[in-house]
Structures are given as C-alpha cells and as structure tokens.
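Trainee: Below is the structure I would like to discuss, written out as structure tokens.
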Amino acid sequence: MEIFIAYSLLTFLLLVQVGVTALLVLYMVSWVQSAYKGAPFVPSRREHVKELLIFGGLNRSDVVCDLGCGDGRILISVVNDFNVTKTIGYEIAFWPYYIACLKIRIQKLNDKIIIRRKDLRVADLQGVSFVYAYLFPKIVDVVASKIEKELSLGSKILVLSFPIDIRKHEKMRLIKSEKIGKITAYLYEKI
Numbered sequence: 000m001e002i003f004i005a006y007s008l009l010t011f012l013l014l015v016q017v018g019v020t021a022l023l024v025l026y027m028v029s030w031v032q033s034a035y036k037g038a039p040f041v042p043s044r045r046e047h048v049k050e051l052l053i054f055g056g057l058n059r060s061d062v063v064c065d066l067g068c069g070d071g072r073i074l075i076s077v078v079n080d081f082n083v084t085k086t087i088g089y090e091i092a093f094w095p096y097y098i099a100c101l102k103i104r105i106q107k108l109n110d111k112i113i114i115r116r117k118d119l120r121v122a123d124l125q126g127v128s129f130v131y132a133y134l135f136p137k138i139v140d141v142v143a144s145k146i147e148k149e150l151s152l153g154s155k156i157l158v159l160s161f162p163i164d165i166r167k168h169e170k171m172r173l174i175k176s177e178k179i180g181k182i183t184a185y186l187y188e189k190i
C-alpha cells in the first residue's frame, strides 16, 4: 500500500511538473511570436488603466478598439468602469489571447467584448471612435497609417510611450500628452 501511495504521489508530481513546463514553453513561444511581429506582450499597469482611459476622454458611446489587447485588461476596464457596450481587441500572441478570452468569459462580458486572434495590421476599424495602442515605435507608425485611412474624423487615439510622428501623419493632431505613472500617454484626434 505504501508503495502505491508513493508511486501515485510521484506520478502526480511528475504530471504537475510536465504541466508547468508545458505552460512555460507555451508562454515563451507566445512571447517570441509577438516580439517577432514587432510588439511583445507588455501589459499596461493595472493601477493606471482607469486613469489612462479618463485621460483619453473615453465616453460611454465610444466604440473602442485595443490594438494589441494582450490579456484584455483595457477592454474589461472600458466595459466595467465606463459602461461602453461595444469593444474589440486584436492580439496575435496565443498566450495573452487565451488569458483574455478566459477573463472575459469568467466576467460574462462576451456580449460587449470581442477579441480576435489576428495581427493588428488587418484590424477592421470601421465604426471605431476610440483606439488604444501600447506598441513599439515601428508598429505605432504602421498603426498611424492605418488609422489615417480607416478612422472617421474626430476619432481619438490613445498611444502610450511612443508618440505618433504628426509631421509624417498629417491627418493626426496631438490633443495632449501627460506622464501617468512611469509612461507618457499621448492623445490624438483624426482630422
């Protein structure tokens, strides 16, 4: 009997170790995949999310798109804290994508938040009035070009850390910028 218990415990511990190792490998592969595409998963700090969205002048009537939505924390705050009813996020890395889907399902927000596991370069921005993006400079430039073509006049764009070059993207106007926590937030308007 003691041998059976010891064997069962050893088997259980081995399965746990294999499971943890598999999760770590999935996480690393996901991180490498998103880094290769130009923007590794670096989440906005939880304690600053609401403050960032207030800075952005988010309205209840906005249709919000988070480009590179990671674990969904921005979209969840948009719905829970600002009562926005239509949001969409794009995330290419499978690890944060699945975490976001799980969080949204647990909070029963499936009717208000849609997340697509797609490259943000193919995001559908029709009807979107507020874009949130925390991306690397090269990708910010790509997103700015896409926004210039697809967003309606007056739409707002909240970008963190890396500003949009408005000399290059003349259909964008910087409304304001502010240091929030350790990052700088830039709010733009499509003109």
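In this text, residue positions in the sequence shown follow the numbering used here: the first is 0, and each later residue adds one.
Quick reminder that beta carbons are idealized off the backbone N, C-alpha and C, glycines included.
#1: Using DSSP bridges, identify the partner residues of ASP65.
#2: Taking only the alpha-carbon atoms, compute the straight-line gap between SER128 and THR10 and give it to the nearest angstrom.
#3: Is the beta carbon of LEU51 less than 8 Å from the beta carbon of ILE190?
#4: Can you check whether the CB of GLU147 is closer than 8 Å to the CB of LEU124?
#5: Please go through the same chain and pick out, in chain order, the residues whose beta-carbon is closer than 7 Å to the beta-carbon of VAL77, but skip the five residues on each side of it.
#6: Taking the alpha carbon of SER43 as the reference point, which residue from CYS68, GLY55, ARG59 has its own alpha carbon closest?
#7: Looking only at its chain, what residues have a beta carbon closer than 7 Å to the beta carbon of ILE174, apart from the 5 residues adjacent to it on each side?
#8: Quick one: any contact between the region 154 to 164 and the region 129 to 137, if contact means 3 or more CB pairs under 8 Å?
#9: Given a threshold of 16 other Cβ atoms within 10 Å of its Cβ, counted over all protein chains shown, does ARG72 qualify as buried or as exposed?
#10: Answer yes or no: do LYS49 and ILE91 have a C-beta to C-beta separation smaller than 8 Å?
Mentor: According to the structure data:
#1: GLY88, TYR131
#2: So the two alpha carbons sit approximately 54 Å from each other.
#3: For LEU51 and ILE190, no; Cβs fall outside 8 Å.
#4: no
#5: LEU52, LEU57, VAL63, VAL83, THR86
#6: CYS68
#7: LEU186, TYR187, GLU188
#8: yes
#9: buried
#10: LYS49 places its beta carbon 8 Å or farther from that of ILE91.
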